[in-house]
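Undergrad: Take this structure, written in structure tokens, and hold onto it; I'll ask about it next.
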Amino acid sequence: MRLLLIEDSAELAKWLAKALQGSGYAVDMAHDGQDADHLLFTQTYDAVILDLELPSMDGLTVLRRLRARGSTVPVMVLTARGELSDRVAGLNLGADDYLAKPFELSELEARLHALIRRAHGVSAPLITLGPLSYESVGRTFTLGGATLALRPKEHAVLEVLLLRGGKAISKEKLFEKVFSVDATTGQDVVEIYIHRLRKQLHNSGVSIITLRGLGYLLEAT
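Sequential numbering from 1 applies to the sequence shown in full-length UniProt numbering.
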């Protein structure tokens with residue numbers, strides 16, 4: 001899943017981005033409000049982590065402009081402000097959740113994934129497709145009852161395909177969702193990960209098929 005992390009503290013942003021990337025997310029970063037507003041206008045994200053105290057444009061203004069453009073991307077407000085009035089202001093402007101600093105990384109990831117799951121219309125924590133199961137709270141895959149060992153990017157690609165709910169996704173869109181905007185690799189890297197996943201899923205009853213002109217589709221065979 002592709003995230004935008006908007007945080008003015010470069011040290012905190014770097015630490016948090018590294019932790020989220022280790023969990024399989026593609027993370028873009030912005031350290032001020034104007035850069036964040038530009039990225040939100042030009043790029044597509046699965047979720048946004050937004051600090052309120054930002055230079056050049058404060059977080060509430062970023063949020064207000066985002067919702068005024070009709071975007072429904074889930075937004076988690078992450079800030080040192082703990083006052084009730086700040087929480088209410090953010091929620092009234094369209095924030096989906098609120099987490100005050102300091103926080104536990106495990107809680108942030110759990111809340112973040114719940115937001116993404118709901119945005120994809122998935123209410124149950126367990127998603128199944130044939131013998132493939134995905135426990136979305138712990139973000140673990142099992143295949144035929146056995147844990148499926150995946151590298152972070154492999155996990156991210158399979159997660160995107162499963163959450164599509166039987167709809168195809170293009171190579172371009174899959175690249176956008178799994179790799180950050182400053183990725184040095186090209187879109188052909190998607191084919192490498194699709195190949196690796198096909199080997200993992202071989203003869204399992206679940207396969208990734210290629211639909212000409214549409215992209216990739218995960219289906220039970």
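By construction, the Cβ of each residue, glycine as well, lies at the ideal position given by its N, Cα and C atoms.
1. Please determine, among R151, Y134, P152 and G138, the residue with the shortest C-alpha to C-alpha distance to M144.
2. Would you report the Cα separation of A80 and L16, rounded to the nearest angstrom?
3. L214 and I208: beta carbons closer than 8 Å?
4. Under the three-state reduction of DSSP, which class applies to D35: helix, strand or coil?
5. I'd like the span of the beta strand (DSSP E) that includes F179, first residue to last.
6. Per DSSP, what kind of secondary structure is F103 in: helix, strand or coil?
7. Classify G215 as helix, strand or coil using the three-state DSSP reduction.
8. Within 10 angstroms of its Cβ, does H155 collect 16 or more other Cβ (buried), or is it exposed?
9. Cutting at 8 Å between CB atoms, please list the residues of its own chain near A68, excluding the five before and the five after it.
10. Buried or exposed for P55, please, with buried defined as at least 16 other CB atoms from any protein chain shown within 10 angstroms of its CB.
11. How about L217: is its C-beta nearer than 8 Å to some C-beta of chain D?
12. Which same chain residues end up closer than 8 Å to L63 when comparing Cβ atoms and leaving out the 5 residues on each side of it in sequence?
13. Taking Cβ to Cβ, would you say D32 is nearer than 8 Å to L4?
14. Does DSSP classify Y193 as helix, strand or coil?
15. Out of L132, K171, K173 and V190, which one is the CA nearest neighbour of L162?
TA: Taking the structure as given:
1. Residue mapping note: residue 144 aligns to position 144 of the sequence shown, counting from 1. Residue identity differs from the one stated: residue 144 is Gly in this sequence, not Met. With distances taken between Cα atoms, G144 lies closest to Y134.
2. Within the sequence shown, the letter at position 80 stands for residue 80. Within the sequence shown, the letter at position 16 stands for residue 16. Approximately 15 Å between the Cα atoms of the pair.
3. The residue labelled residue 214 in the question sits at position 214 within the sequence shown. The residue labelled residue 208 in the question sits at position 208 within the sequence shown. For L214 and I208, no; Cβs fall outside 8 Å.
4. Walking along the sequence shown from the start, residue 35 turns up at place 35. Under the three-state reduction of DSSP, D35 is assigned to helix.
5. Mapped onto the sequence shown, residue 179 falls at position 179. Note, F179: premise wrong, no beta strand (DSSP E); not H, not E.
6. The sequence position of residue 103 within the sequence shown is 103, counting from 1. Correct three-state label for F103: coil.
7. The residue labelled residue 215 in the question sits at position 215 within the sequence shown. Reduced to three states, the DSSP call for G215 is strand.
8. Here residue 155 corresponds to residue number 155 of the sequence shown, with the count starting at 1. Buried.
9. As a first step, residue 68 is located in the sequence shown; it is residue number 68 there, counting from the start. No residues qualify anywhere along the chain.
10. For the purposes of this step, residue 55 is taken as the residue at position 55 of the sequence shown. In this structure P55 is exposed. Its beta-carbon is surrounded by fewer than 16 other beta-carbon atoms within 10 angstroms.
11. In the displayed structure, chain D is absent; only one protein chain is listed.
12. Locating residue 63 in the sequence shown gives position 63, where the first residue counts as 1. When the five nearest sequence neighbours on each side are left out, the beta carbons in the same chain lying within less than 8 Å of the beta carbon of L63 are those of L50, V75, V77, G90, L93, G94 and A95, in order along the chain.
13. Residue 32 sits at position 32 when you count from the first residue of the sequence shown. Residue 4 sits at position 4 when you count from the first residue of the sequence shown. Cβ atoms of D32 and L4: not closer than 8 Å.
14. For the purposes of this step, residue 193 is taken as residue 193 along the sequence shown, with counting starting at 1. It is helical.
15. Taking the first residue of the sequence shown as position 1, residue 162 is located at position 162. Out of L132, K171, K173 and V190, L132 has the C-alpha closest to the C-alpha of L162.
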